[in-house]
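Novice: I am attaching a structure below and will ask some questions about it afterwards.
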Amino acid sequence: PFSWIDITGIGTPLDLPGNGDDQNVPGIALPFAFPFYGSSFNTVNVCTNGWLSFSSTQTTLTNVALPNAASTTPNNLIAGFWDDLDPDTAEAKIWTYGDASKFIVSYVNVPRFSSLELYTFQIILYPSGTIDFQYQSLEPGRLNEATIGIQNGAKDVGLTVVHNADYVHDNLRIRITNRPGWLTVSPLAGVTPAGETATLQVGFDATGRLYVTDSATATVFRVAGDGTVEVFLQDMLVAGDKTICGNDKAV
(Lines of atoms letter the chains of each structure in order from A and count residues from 1; the text may use other names and numbers.)
(Lines give C-alpha, C1' and ligand atoms only; values in the text may rest on other atoms or scores of the structure.)
Protein backbone atom coordinates (compact mmCIF):
# COMPACT_ATOMS: atom_id res chain seq x y z
CA PRO A 1 0.00 0.00 0.00
CA PHE A 2 0.92 3.66 -0.28
CA SER A 3 3.25 4.82 2.50
CA TRP A 4 5.05 8.10 1.86
CA ILE A 5 8.66 8.31 3.06
CA ASP A 6 9.61 11.89 3.92
CA ILE A 7 13.33 12.34 3.23
CA THR A 8 13.47 16.13 3.32
CA GLY A 9 14.85 16.04 6.86
CA ILE A 10 17.43 13.29 6.29
CA GLY A 11 18.20 13.36 2.58
CA THR A 12 20.43 15.41 0.31
CA PRO A 13 18.94 18.17 -1.86
CA LEU A 14 19.91 17.92 -5.51
CA ASP A 15 22.30 20.69 -6.55
CA LEU A 16 20.81 21.87 -9.85
CA PRO A 17 22.87 23.85 -12.37
CA GLY A 18 21.60 27.07 -13.92
CA ASN A 19 17.99 27.95 -13.18
CA GLY A 20 17.09 24.30 -12.51
CA ASP A 21 15.07 23.75 -15.68
CA ASP A 22 15.87 20.76 -17.97
CA GLN A 23 18.84 19.48 -15.97
CA ASN A 24 20.38 16.06 -15.42
CA VAL A 25 22.56 15.45 -12.35
CA PRO A 26 24.73 12.40 -13.16
CA GLY A 27 26.66 9.87 -11.10
CA ILE A 28 24.72 9.83 -7.85
CA ALA A 29 26.06 6.88 -5.84
CA LEU A 30 23.66 4.09 -4.94
CA PRO A 31 24.11 2.32 -1.58
CA PHE A 32 23.88 -1.07 -3.33
CA ALA A 33 24.22 -2.51 -6.82
CA PHE A 34 20.82 -2.20 -8.47
CA PRO A 35 19.82 -4.94 -10.96
CA PHE A 36 17.98 -3.68 -14.04
CA TYR A 37 17.21 -5.66 -17.21
CA GLY A 38 20.13 -8.03 -16.68
CA SER A 39 22.72 -5.37 -15.80
CA SER A 40 23.86 -4.01 -12.45
CA PHE A 41 24.36 -0.34 -11.66
CA ASN A 42 26.10 1.50 -8.82
CA THR A 43 25.16 5.07 -9.81
CA VAL A 44 22.08 6.80 -11.18
CA ASN A 45 21.42 10.03 -13.10
CA VAL A 46 18.49 12.19 -11.98
CA CYS A 47 16.64 14.36 -14.50
CA THR A 48 14.47 17.27 -13.43
CA ASN A 49 11.78 16.13 -15.89
CA GLY A 50 10.63 13.32 -13.62
CA TRP A 51 12.85 10.42 -14.63
CA LEU A 52 16.02 8.53 -13.71
CA SER A 53 18.53 6.75 -15.93
CA PHE A 54 21.52 4.56 -15.20
CA SER A 55 23.32 5.74 -18.34
CA SER A 56 21.64 8.67 -20.11
CA THR A 57 22.60 12.26 -19.35
CA GLN A 58 19.92 13.66 -21.67
CA THR A 59 17.30 16.07 -20.37
CA THR A 60 14.46 15.03 -22.66
CA LEU A 61 11.17 16.65 -21.65
CA THR A 62 8.86 15.23 -24.35
CA ASN A 63 7.41 12.00 -22.95
CA VAL A 64 6.61 8.95 -25.08
CA ALA A 65 5.22 5.45 -24.59
CA LEU A 66 7.81 2.77 -23.76
CA PRO A 67 9.77 1.09 -25.17
CA ASN A 68 10.85 3.72 -27.64
CA ALA A 69 14.10 3.64 -29.61
CA ALA A 70 14.22 7.29 -30.68
CA SER A 71 17.56 9.00 -30.18
CA THR A 72 16.00 11.50 -27.78
CA THR A 73 14.50 8.80 -25.55
CA PRO A 74 16.71 7.97 -22.54
CA ASN A 75 17.89 4.40 -22.20
CA ASN A 76 18.03 2.40 -18.95
CA LEU A 77 15.09 4.57 -17.99
CA ILE A 78 12.86 4.74 -14.92
CA ALA A 79 10.10 7.29 -15.52
CA GLY A 80 8.25 8.29 -12.38
CA PHE A 81 6.30 11.18 -13.93
CA TRP A 82 8.01 12.06 -17.19
CA ASP A 83 6.97 15.39 -18.65
CA ASP A 84 8.17 18.99 -18.78
CA LEU A 85 8.77 19.83 -15.12
CA ASP A 86 10.50 22.98 -13.98
CA PRO A 87 12.05 23.00 -10.50
CA ASP A 88 13.67 26.32 -9.73
CA THR A 89 16.72 26.82 -7.54
CA ALA A 90 15.12 29.19 -5.00
CA GLU A 91 14.51 26.23 -2.70
CA ALA A 92 15.28 22.51 -2.87
CA LYS A 93 12.64 20.49 -4.69
CA ILE A 94 14.44 17.22 -5.51
CA TRP A 95 15.96 15.14 -2.74
CA THR A 96 17.87 11.85 -2.56
CA TYR A 97 18.41 9.43 0.29
CA GLY A 98 19.84 5.93 0.50
CA ASP A 99 20.57 3.20 3.02
CA ALA A 100 21.22 -0.53 2.77
CA SER A 101 17.53 -1.30 2.20
CA LYS A 102 16.42 1.38 -0.30
CA PHE A 103 17.34 4.43 -2.39
CA ILE A 104 14.81 7.25 -2.79
CA VAL A 105 14.49 10.21 -5.13
CA SER A 106 11.71 12.59 -4.06
CA TYR A 107 10.31 15.37 -6.22
CA VAL A 108 8.65 17.76 -3.76
CA ASN A 109 6.27 20.47 -4.97
CA VAL A 110 7.88 20.49 -8.39
CA PRO A 111 5.90 22.71 -10.80
CA ARG A 112 5.00 21.79 -14.34
CA PHE A 113 6.53 24.14 -16.88
CA SER A 114 4.27 27.02 -17.89
CA SER A 115 1.02 25.94 -16.22
CA LEU A 116 2.73 25.51 -12.81
CA GLU A 117 0.69 22.65 -11.29
CA LEU A 118 2.66 21.26 -8.31
CA TYR A 119 3.59 17.57 -8.06
CA THR A 120 5.04 15.61 -5.14
CA PHE A 121 6.11 12.04 -5.91
CA GLN A 122 9.02 9.70 -5.28
CA ILE A 123 10.88 6.83 -6.91
CA ILE A 124 12.17 4.09 -4.59
CA LEU A 125 14.74 1.48 -5.64
CA TYR A 126 15.32 -1.72 -3.65
CA PRO A 127 18.33 -4.08 -3.78
CA SER A 128 16.09 -6.83 -5.23
CA GLY A 129 15.40 -4.72 -8.33
CA THR A 130 11.90 -3.79 -7.20
CA ILE A 131 10.80 -0.23 -8.04
CA ASP A 132 8.11 1.73 -6.23
CA PHE A 133 6.53 4.92 -7.55
CA GLN A 134 4.63 6.87 -4.88
CA TYR A 135 2.41 9.89 -5.54
CA GLN A 136 1.59 11.99 -2.49
CA SER A 137 0.10 15.15 -3.98
CA LEU A 138 -0.68 15.99 -7.61
CA GLU A 139 -2.53 19.13 -8.56
CA PRO A 140 -5.19 18.42 -11.20
CA GLY A 141 -5.34 19.90 -14.66
CA ARG A 142 -2.78 18.03 -16.76
CA LEU A 143 -2.27 14.66 -15.06
CA ASN A 144 -3.02 12.93 -18.37
CA GLU A 145 0.14 14.29 -20.00
CA ALA A 146 2.95 12.15 -18.59
CA THR A 147 4.64 8.76 -18.91
CA ILE A 148 5.18 6.29 -16.07
CA GLY A 149 7.25 3.23 -16.93
CA ILE A 150 10.68 1.71 -17.60
CA GLN A 151 12.83 0.58 -20.51
CA ASN A 152 16.14 -1.21 -20.99
CA GLY A 153 19.49 -0.07 -22.33
CA ALA A 154 18.84 -1.14 -25.92
CA LYS A 155 15.46 0.62 -25.84
CA ASP A 156 13.74 -2.44 -27.29
CA VAL A 157 12.15 -3.81 -24.10
CA GLY A 158 10.08 -1.74 -21.73
CA LEU A 159 6.89 -1.32 -19.79
CA THR A 160 4.40 1.54 -19.99
CA VAL A 161 2.23 1.87 -16.91
CA VAL A 162 0.50 4.88 -18.39
CA HIS A 163 1.13 7.32 -21.24
CA ASN A 164 -0.90 10.48 -21.64
CA ALA A 165 -4.02 9.09 -19.96
CA ASP A 166 -5.91 9.64 -16.71
CA TYR A 167 -4.52 7.21 -14.16
CA VAL A 168 -2.30 8.73 -11.48
CA HIS A 169 -3.81 10.28 -8.34
CA ASP A 170 -2.94 11.26 -4.79
CA ASN A 171 -1.90 8.52 -2.34
CA LEU A 172 -1.09 6.02 -5.08
CA ARG A 173 1.71 3.46 -5.06
CA ILE A 174 2.77 1.61 -8.20
CA ARG A 175 5.20 -1.31 -7.79
CA ILE A 176 7.26 -2.90 -10.56
CA THR A 177 8.97 -6.12 -9.55
CA ASN A 178 10.47 -9.25 -11.06
CA ARG A 179 8.46 -12.45 -10.93
CA PRO A 180 10.32 -14.87 -8.61
CA GLY A 181 12.04 -17.74 -10.39
CA TRP A 182 10.16 -20.43 -8.49
CA LEU A 183 6.75 -19.10 -9.56
CA THR A 184 5.14 -19.31 -13.00
CA VAL A 185 1.80 -17.86 -14.04
CA SER A 186 -0.10 -18.37 -17.28
CA PRO A 187 -1.24 -16.30 -19.06
CA LEU A 188 1.39 -13.66 -18.35
CA ALA A 189 -0.84 -10.80 -19.50
CA GLY A 190 -4.44 -10.04 -20.26
CA VAL A 191 -7.43 -7.86 -19.47
CA THR A 192 -10.31 -8.87 -17.21
CA PRO A 193 -13.31 -6.52 -17.57
CA ALA A 194 -14.87 -5.11 -14.43
CA GLY A 195 -17.25 -7.57 -12.79
CA GLU A 196 -15.85 -10.62 -14.59
CA THR A 197 -13.37 -13.31 -13.52
CA ALA A 198 -10.37 -15.01 -15.09
CA THR A 199 -8.54 -18.24 -14.29
CA LEU A 200 -4.75 -18.23 -13.88
CA GLN A 201 -2.62 -21.36 -13.97
CA VAL A 202 -0.05 -21.06 -11.16
CA GLY A 203 2.98 -23.36 -10.98
CA PHE A 204 5.77 -23.83 -8.44
CA ASP A 205 9.31 -25.14 -8.82
CA ALA A 206 9.96 -26.90 -5.50
CA THR A 207 13.58 -27.83 -6.25
CA GLY A 208 15.64 -27.36 -3.09
CA ARG A 209 12.73 -25.83 -1.19
CA LEU A 210 11.02 -26.92 2.01
CA TYR A 211 7.61 -25.62 1.02
CA VAL A 212 6.21 -27.45 -1.99
CA THR A 213 2.81 -27.83 -3.51
CA ASP A 214 1.17 -29.63 -6.42
CA SER A 215 -1.76 -27.24 -6.62
CA ALA A 216 -2.74 -23.74 -5.58
CA THR A 217 -5.82 -21.59 -5.46
CA ALA A 218 -5.17 -18.00 -6.47
CA THR A 219 -7.45 -15.12 -5.56
CA VAL A 220 -6.80 -11.76 -7.21
CA PHE A 221 -8.35 -8.69 -5.65
CA ARG A 222 -8.05 -4.92 -5.86
CA VAL A 223 -7.55 -2.93 -2.67
CA ALA A 224 -9.95 0.01 -2.77
CA GLY A 225 -8.40 3.44 -2.83
CA ASP A 226 -4.75 2.90 -3.62
CA GLY A 227 -4.92 0.61 -6.67
CA THR A 228 -2.73 -2.11 -5.09
CA VAL A 229 -3.26 -5.57 -6.55
CA GLU A 230 -2.23 -8.61 -4.52
CA VAL A 231 -2.34 -12.34 -5.25
CA PHE A 232 -2.87 -14.79 -2.38
CA LEU A 233 -1.68 -18.35 -2.89
CA GLN A 234 -2.55 -21.39 -0.76
CA ASP A 235 0.91 -22.86 -0.13
CA MET A 236 1.16 -26.39 1.37
CA LEU A 237 4.00 -28.36 2.92
CA VAL A 238 3.79 -31.88 1.51
CA ALA A 239 5.59 -35.05 2.62
CA GLY A 240 4.77 -37.92 0.28
CA ASP A 241 1.01 -37.85 -0.11
CA LYS A 242 0.35 -36.21 3.27
CA THR A 243 -0.29 -32.53 3.77
CA ILE A 244 1.44 -31.44 6.97
CA CYS A 245 0.31 -27.82 7.07
CA GLY A 246 -1.06 -25.06 4.91
CA ASN A 247 -1.03 -21.27 5.03
CA ASP A 248 -2.03 -18.32 2.89
CA LYS A 249 0.82 -16.14 1.67
CA ALA A 250 0.62 -12.87 -0.18
CA VAL A 251 3.05 -12.47 -3.06
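According to this note's numbering, the sequence shown is numbered sequentially starting from -5. All residues carry an ideal CB built from backbone N, CA and C; glycine is no exception.
For residue 85, which option in 1, 129 and 104 has the closest C-alpha, if you only look at C-alpha atoms?
Specialist: Nearest C-alpha to residue 85: 104.
Novice: Helix, strand or coil for residue 107, going by three-state DSSP, please let me know.
Specialist: The answer is coil: DSSP assigns residue 107 none of H, G, I, E or B.
Novice: Which term fits residue 157, buried or exposed, when burial requires 16 or more other beta carbons within 10 angstroms of its beta carbon?
Specialist: Classification of residue 157: buried, given that the 10 Å Cβ count is 16 or more.
Novice: Answer yes or no: the CB of residue 45 versus the heavy atoms of the ligand HEM, is any distance below 6 Å?
Specialist: This structure simply doesn't include the ligand HEM, nor any ligand for that matter.
Novice: Just how far apart, CA to CA, sit residue 73 and residue 178?
Specialist: For residue 73 and residue 178, the distance between alpha carbons rounds to 27 Å.
Novice: Which residue comes first and which comes last in the beta strand (DSSP E) that contains residue 33?
Specialist: Unbroken beta strand (DSSP E) run through residue 33: 33 to 41.
Novice: In terms of alpha-carbon separation, which member of 182, 83 and 37 lies closest to residue 9?
Specialist: Of the candidates 182, 83 and 37, the one whose C-alpha sits nearest the C-alpha of residue 9 is 83.
Novice: For residue -2, tell me which candidate among 163, 48, 130 and 159 has the shortest Cα-Cα distance.
Specialist: Considering only alpha carbons, the answer is 130.
Novice: Rank 44, 150 and 26 by C-alpha distance to the C-alpha of residue 116 and give the top, closest one.
Specialist: With distances taken between Cα atoms, residue 116 lies closest to 44.
Novice: How far does the beta strand (DSSP E) with residue 25 in it reach, from first residue to last?
Specialist: Residues 18 to 30.
Novice: Are the CB atoms of residue 49 and residue 70 nearer to each other than 7 Å?
Specialist: Contact flag set, yes.
Novice: Measuring CB to CB, does residue 39 end up less than 7 Å from residue 47?
Specialist: Yes, they are a contact pair.
Novice: Is there contact here, the stretch 159 to 168 with the stretch 119 to 134, by at least three beta-carbon pairs under 8 Å?
Specialist: Enough Cβ pairs lie closer than 8 Å, so yes.
Novice: Look up residue 47 in the DSSP assignment and give the residues it is bridged to.
Specialist: Paired residues: 39 and 71.
Novice: Figure out for me which residue from 28, 180 and 153 has the closest Cα to the Cα of residue 143.
Specialist: Among 28, 180 and 153, the Cα nearest to that of residue 143 is on 153.
Novice: Pick helix, strand or coil for residue 131, following the three-state DSSP scheme.
Specialist: Strand, per DSSP.
Novice: Taking residue 115 as part of the beta strand (DSSP E), name the residues at either end of that continuous run.
Specialist: Counting along the chain, the beta strand (DSSP E) containing residue 115 begins and ends at 112 to 119.
Novice: Kindly indicate which residue of 93, 27, 138 and 33 has the alpha-carbon position closest to the one of residue 78.
Specialist: That would be 138, whose Cα lies nearest to the Cα of residue 78.
Novice: Using the beta-carbon count (16 or more within 10 Å), is residue 60 buried or exposed?
Specialist: With 16 or more Cβ atoms within 10 Å of its Cβ, residue 60 is classed as buried.
Novice: If residue 76 sits next to residue 5, beta carbons under 8 Å apart, how far is it from one beta carbon to the other, in whole angstroms?
Specialist: Going by Cβ atoms, the distance from residue 76 to residue 5 rounds to 22 Å, so no, they are not a contact pair.
Novice: How would you label residue 150, buried or exposed, when you count the other beta carbons within 10 angstroms and need 16 or more for buried?
Specialist: Classification for residue 150: exposed.
Novice: Considering residue -2, what are the terminal residues of the beta strand (DSSP E) in which it resides?
Specialist: Note, residue -2: premise wrong, no beta strand (DSSP E); not H, not E.
Novice: What is the C-beta distance between residue 67 and residue 58, in whole angstroms, given that I count them as a contact (C-beta under 8 Å)?
Specialist: About 6 Å; that satisfies the 8 Å criterion.
Novice: Is residue 7 helix, strand or coil by DSSP?
Specialist: Strand.
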